[in-house]
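Its first residue numbered 1313, the sequence shown is counted upward by one per residue in the numbering used here.
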Amino acid sequence: MKRLLLLVLLGLSLAACGDDSPAPAPSTTTPPPQPLQLAGIWTMTETRTSVTGGECLEGTMNATVGSTVTDTLTFTQNSASLTAVSTAQANGVSCNWTGTADTDRFVLNLSFCQNNANQFGLRCANGQVRDLRIASSLLSIVRSNGSYTGTKVDTYNVVPGGGFTQVGTMTFNANVSMTK
């Protein structure tokens, strides 16, 4: 009986030697917000809102305000880093873009366009000929209530027809919307 009592006491003393440390607190860290997920093919509609500058071409492109063009944008994404290729549906002009995505917006800057993105042989009111050579383009889009809308600004260098010496700039502004 003494042995049995000794075994019971030993068992009770071992049970009392459990881990007395408090349970770990549940994790309260929230995962960081994720950037917009844009990878894939999108359709972008641009509606021209204004044309400014142009040296002797000033005013000659005002008739294009209100015109609409459609592009296909193919996005590749690595976290917040974006690359895209745009293709104009009307004439097949293709441009490459780089940019970044945030949780509710993204920005793309033009990297390179095919030569046919330029416009050649435009006649000024005074009879002189000018070419427009793409210099930069910025696309800024915001997602709100499931819609993607924003602005696009294209800037062209104005050069004498067939030349390369810049004599002015012309800027085209547009409102844009995108759908997948």
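Backbone N, C-alpha and C define an ideal beta-carbon position, used for all residues, glycine too.
Secondary structure of residue i, DSSP reduced to three states
i	result
T1372	coil
L1317	Annotation note: pLDDT 43 at L1317 (below 50); position unreliable, no value reported.
N1469	strand
M1482	strand
G1474	coil
Beta-carbon spacing of residue i, residue j below 8 Å
i	j	result
V1470	L1369	yes
V1496	S1489	With the chain covering only 1313 through 1492, there is no way to say anything about residue 1496.
T1425	I1453	With the sequence shown as reference, residue 1425 is identified as Cys, and Thr is not the correct amino acid for it. Contact: no.
T1496	T1359	There is simply no residue 1496 to check, as the chain begins at 1313 and stops at 1492 in what is shown.
K1492	G1352	yes
Q1401	T1376	no
Pick from the options that is closest to residue i, judged by C-alpha positions
i	options	result
N1390	Q1346, T1372, F1476 and M1373	Q1346
G1411	V1405, N1403, G1404 and L1420	L1420
T1388	R1360, T1361, L1348 and T1340	L1348
G1475	L1434, V1377, D1383 and N1438	L1434
T1531	Y1468, V1377, T1461 and N1408	Any answer about residue 1531 is impossible in this case: the structure gives the chain only from 1313 up to 1492.
L1394	A1402, D1443, N1457 and L1451	L1451
N1408	N1427, G1473 and S1456	N1427
L1422	S1406, A1413 and G1458	S1406
N1265	P1472, T1467, G1458 and T1463	Missing from the structure shown is residue 1265; the chain here goes from 1313 to 1492 and no further.
Q1431	T1467, T1415, T1463 and T1342	T1467
T1477	N1374, D1414, D1443 and T1415	D1443
P1343	S1398, G1458, T1399 and T1415	T1415
G1458	N1403, L1350 and A1392	L1350
Inter-stretch contact at 8 Å, needing at least 3 Cβ pairs: the segment 1478 to 1485 / the segment 1351 to 1365: Segments in contact, yes.
Completely contained beta strand (DSSP E) runs for the segment 1369 to 1431, where each covers 3 or more residues: 1380 to 1390, 1393 to 1400, 1406 to 1413 and 1417 to 1425
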